[in-house]
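For the sequence shown, this note's numbering begins at 2 and goes up steadily by one.
Each residue gets a CB set at the ideal place from its N, CA and C atoms; glycine is no exception.
Since the structure is predicted, the reported quantities are computational estimates derived from the model, not experimental observations.
Only one structure is covered here, and it is reproduced in the block below.
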Amino acid sequence: MEAQADNAAKVGRKFDKSTLIWVVLGVIIIAIAAVNLWSVFGTKPEVLTETASIGVPDFSLTNQQGESLGLSDMVGKIWIADFIFTNCPTICPAMTQEMARLQSEFVADPVYFVSFSVDPERDTTEVLTRYAKAYGADDRRWHFLTGDKAHIYQLAEHGFSLAAGHKGSEILHSPRFVLVKADGNIHDHYDSRSKPAMLRLRRDVKTLLKK
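See below:
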């Protein structure tokens with residue numbers, strides 16, 4: 002009787018082990034199937050969107066040399082634009098320093114730079130001339146523009162999709178740079194405070210130069 006009991010216990014243990022193995026295998030198979038189903042039905046498909054090219058609208062302003070400059074003068078050129086003002090105590094100096102670095106890096110390439118003043122009443126051509134010289138701007142390639150304030154604000158908001166305006170006595174503007182292609186269409190926007198964004202800007206300029 003004891004022998005029969007031992008045999009029965011052994012059979013029971015074997016049965017328990019084999020059952021456990023099959024249960025574990027079953028759980029694994031179900032888990033794999035669930036993951037596969039989730040990967041097929043549970044994730045959103047990649048959406049490929051095509052954004053329409055946004056062209057820079059025509060403008061007519063005055064550069065630091067007192068010369069008229071408009072969109073027609075930039076036709077066929079790759080250029081980088083930003084909106085700043087010379088009395089800006091916050092982000093403008095860093096933005097202009099970054100633009101100066103870009104001018105230096107692309108000194109041998111046909112890349113141009115345009116800085117629009119969002120405080121044109123104070124930023125006269127004389128003021129912009131001093132500001133440009135302070136940052137080593139090449140007058141042939143880097144234009145600092147002044148003119149009608151309403152026109153500049155409209156150009157920033159509706160032309161370049163950048164914020165520009167007033168909050169009381171505070172002048173507000175975007176810290177982003179805008180890369181414009183030779184056909185006059187905007188390629189992309191880049192946060193001047195972001196190193197990855199600035200690296201992307203440099204890469205995009207090099208790509209456009211090869212076309």
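State the beta-bridge partners of residue i as determined by DSSP.
i, result
"V179", "A82 and H190"
"I172", "H167"
"T147", "T63"
"G160", "According to DSSP, G160 bridges with nothing at all."
"L70", "L62"
"I55", "I187"
Comparing C-alpha positions only, which one of the options sits nearest to residue i?
i, options, result
"A165", "F84, G56 and G71", "F84"
"F114", "E171, Y136, I55 and P121", "Y136"
"R141", "R204, R123 and Q104", "Q104"
"S175", "R131, F117 and L163", "L163"
"I55", "D149, D184 and R177", "D184"
"A198", "H144, M96, F145 and Q155", "M96"
"D192", "L72, C93 and T208", "C93"
"C89", "A138, Y132, A151 and D74", "Y132"
"T87", "L129, N186 and D74", "L129"
"A101", "D139, H152 and L200", "D139"
"V76", "N186, E158 and E127", "N186"
"K212", "R194, S195, K182 and L200", "K182"
"K196", "L146, H152 and E99", "E99"
"L146", "T126, E158, L200 and L180", "T126"
"I153", "K207, L180, D124 and R194", "D124"
Between residue i and residue j, which are expected to be in contact by the criterion C-beta below 8 Å, what is the C-beta distance as a whole number of angstroms?
i, j, result
"F117", "A82", "7 Å"
"H188", "D205", "6 Å"
"D120", "I172", "6 Å"
"H144", "L70", "6 Å"
"V57", "G148", "At roughly 15 Å, the Cβ-Cβ gap does not stay under 8 Å, so V57 and G148 are not in contact."
"F178", "L202", "6 Å"
"K168", "E122", "17 Å between Cβ atoms; not a contact."
Assess, as a yes-or-no matter, whether the region 101-112 is touched by the region 60-67 under the definition of 3 or more beta carbon pairs within less than 8 Å.
-> Judged by Cβ distances under 8 Å, the region 60-67 makes no contact with the region 101-112, as fewer than three pairs qualify.
Along the chain, which unbroken stretches of the alpha helix (DSSP H) at least 4 residues long are found entirely within the region 97-132?
-> Correct list: empty.
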